[in-house]
Amino acid sequence: MQQYKLFIGNEWKAPASGEWFDSLDPFSGEPWARIPRGNGQDVDRAVAAAKAAMEGPWHTMSATQRGMLLHKLGELIDANADQLTEVEARDNGKLRTEVRGQVSYMAKYFYYYGGLADKIQGAVIPMDKPKVFNYTRYEPVGVVGTITPWNSSLLLTAWKVAPALAAGNVVVAKPSEHTSVSLLVLAGLFAEAGFPPGVFNVVTGYGKDVGEPLVEHPDVACIAFTGGDEGGRRVSVAAAKHFKRVTLELGGKSPNIVFDDADLARAANGVITGIFSAGGQTCMAGSRLLLQDSIHDEFVERLVAIASKAKLGDPALPGVQVGPVATRPQFDKVVSYIEVAKAEGARCVLGGNVRRGPGFGAGQFVEPTIFTGVDNGMRIAQEEVFGPVLSVLKFKDEEEAIQIGNDIRFGLAAGVWTKSLHRAMHMSERLKAGTVWINNYRSTSFTTPFGGYKDSGLGREGGVEAVKEFLEVKSVWIST
Ligand code: NAD
316 MQQYKLFIGN
326 EWKAPASGEW
336 FDSLDPFSGE
346 PWARIPRGNG
356 QDVDRAVAAA
366 KAAMEGPWHT
376 MSATQRGMLL
386 HKLGELIDAN
396 ADQLTEVEAR
406 DNGKLRTEVR
416 GQVSYMAKYF
426 YYYGGLADKI
436 QGAVIPMDKP
446 KVFNYTRYEP
456 VGVVGTITPW
466 NSSLLLTAWK
476 VAPALAAGNV
486 VVAKPSEHTS
496 VSLLVLAGLF
506 AEAGFPPGVF
516 NVVTGYGKDV
526 GEPLVEHPDV
536 ACIAFTGGDE
546 GGRRVSVAAA
556 KHFKRVTLEL
566 GGKSPNIVFD
576 DADLARAANG
586 VITGIFSAGG
596 QTCMAGSRLL
606 LQDSIHDEFV
616 ERLVAIASKA
626 KLGDPALPGV
636 QVGPVATRPQ
646 FDKVVSYIEV
656 AKAEGARCVL
666 GGNVRRGPGF
676 GAGQFVEPTI
686 FTGVDNGMRI
696 AQEEVFGPVL
706 SVLKFKDEEE
716 AIQIGNDIRF
726 GLAAGVWTKS
736 LHRAMHMSER
746 LKAGTVWINN
756 YRSTSFTTPF
766 GGYKDSGLGR
776 EGGVEAVKEF
786 LEVKSVWIST
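For what it's worth, my numbering labels the leading residue of the sequence shown as 316, then goes sequentially.
What follows is the structure, given as structure tokens:
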């Protein structure tokens, strides 16, 4: 079993604790890699290396040169996509095909932000006074700490690192303790691409041991966090003590709203992909299905017909559509929510069981599950399950769909299925969510901002907006 090391200043370092812990394969339940147990001393070393790069070679490099390095990294990600896929899928239990797609997509983030690096420009500001000249310059904030969850370690880190580096910052990355290996493999590619030592560092370990010291570190200017809202709140409070910048990409309980004038076959496929991709373990999962009452029964039948054919099993095998839940605590949580839904009186029309036995490894499998008869006040309608569980609610008209859709503390995303352009535009205006998909679900792109309203977070990742999260704007006055 391979024992990994921390990546600090382009070198592999043993953790100060001298301790390692196991990373588990979610399918087999077996340990498959040894992860360094980082702590505050390692964070100090990584931040010092990052700061030295910021004040040295990275600072003197032109924005065009930095962009070219990001581009080179994108090429190396493409060239090493199979290895990155293998280690990430081994850690999070996702389908190989799904992870392979994410790795290719991750390379595009580095191409895109590499291209943006030398296009970040200030402005000459028109003056209301004589004999003065004012212009703005954008400057990097400094050392950025990234903290990411287990569901898509590489992609979610790239969403932060690519714009942060394009803006001229340096990074200390902390992956989830459940899925650390892929970032360590990626780190090696930074060195190979020719990034100066300290520009990108990885410290692995637990939230308390590594995440907290990173957030508290006086030389870390900004924390870019993705994870649950509990962790997000802790990060936000700790960062506020130091007036630190934060971006938070948190949870969701997104409504997918189907009107009776929609293309129902297309909508059914969109709803299925919206909730069951990655076994429902995505922040943007369309986990609340709102159905217009006139199509309710017919639409539920369509969903059951599609989802009941899903093939569960070893995520490494071709043809498998649903893999295991990524961690044992998450598996227990999903199972407990199924019990909650039943106790609340929701009707289970599909799934609701775990799968064990031959072909199911350590048995961390939950069947795609659909509950009807859900009321928006129920916990199964309001709380994030982060698993393959869909709650179906009814509405009678647009106003009620908007009311139910917005009646929740989250606001990450929403889907709307309709053939009416007027309705599509009206709904997209009224829904309180950072992303609204019309007649599609789960589309994302490096060119487009993504982030949450309300308890789903702060700030945006993707597009030009992401770069702005990592920049200070300076106003310069010159008397003429
Ligand atoms: P989590 O909040 O438990 O952990 C996320 C990261 O934070 C981990 O690296 C963890 O070690 C670290 N951490 C935990 N406590 C910390 C602390 N006090 N200080 C600093 N770091 C700390 O989340 P998870 O269980 O790994 O991931 C699932 C959650 O992530 C879900 O709620 C999901 O919705 C959310 N998520 C959001 C998005 C998005 O873009 N909005 C994307 C994916 C996942």
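By construction, the Cβ of each residue, glycine as well, lies at the ideal position given by its N, Cα and C atoms.
- By the criterion of a C-beta distance shorter than 8 Å, T472 is surrounded in its chain by T461, T463, A488, P490, L498 and L501, once the five residues flanking it on both sides are discounted.
- One alpha carbon belongs to K747, the other to N721, and they sit about 6 Å apart.
- No Cβ-Cβ contact shorter than 8 Å links L579 with R548.
- Distance between N354 and V517, taken at the CA atoms: about 12 Å.
- Beyond the five residues adjoining it in sequence on each side, L665 comes within less than 8 Å, by CB distance, of L618, V619, A622, S623, E682, P683, T684 and I685 in the same chain, given in chain order.
- Taking V791 as reference, the option from T379, E403, Y319 and I440 with the minimal CA-CA separation is I440.
- Excluding its 5 nearest sequence neighbours in each direction, V486 has C-beta neighbours in its own chain below 8 Å: A365, V458, V459, G460, T461, K475, V476, A479, L480, V514, F515 and N516, listed in chain order.
- Comparing C-alpha distances from V561 to each of A593, K783 and F680 shows the shortest one belongs to K783.
- Taking C-beta separations shorter than 7 Å and ignoring five residues to either side along the sequence, the partners of Y521 in its chain run E492, following chain order.
- If the five residues before and after S468 are omitted, its C-beta is found closer than 8 Å to the C-beta atoms of E403, D406, N407, P490, S491, T494, S495, S497 and L498, all from its own chain and listed in chain order.
- Listed in chain order, the non-local C-beta contacts of G766 below 7 Å within the same chain comprise E564, G749, G772, G774, R775 and E776, local neighbours out to five positions each way being set aside.
- With fewer than 16 other Cβ atoms from the protein chains shown falling within 10 Å of its own Cβ, V788 counts as exposed.
- Between the alpha carbons of D524 and D608 lies a distance of about 50 Å.
- Counting along the chain, the unbroken beta strand (DSSP E) around A539 starts and ends at V535 to T541.
- The alpha-carbon of S735 is positioned some 21 Å away from that of E613.
- In this structure, G389 sits near F425, with a CB-CB distance shorter than 8 Å.
- In the DSSP assignment, the residues bridged to I462 are K489 and F540.
- In this structure, K489 has its CB closer than 7 Å to one or more heavy atoms of the ligand NAD.
- In the DSSP assignment, I590 falls within the alpha helix (DSSP H) that extends over L579 to F591.
- L705 carries a strand assignment under DSSP once its states are collapsed to helix, strand and coil.
- Counting only residues of its own chain and dropping the five nearest sequence neighbours on each side, A625 has a CB closer than 6 Å to the CB of Q636, V637 and P683.
- 8 Å or more divides the Cβ of G429 from the Cβ of H374.
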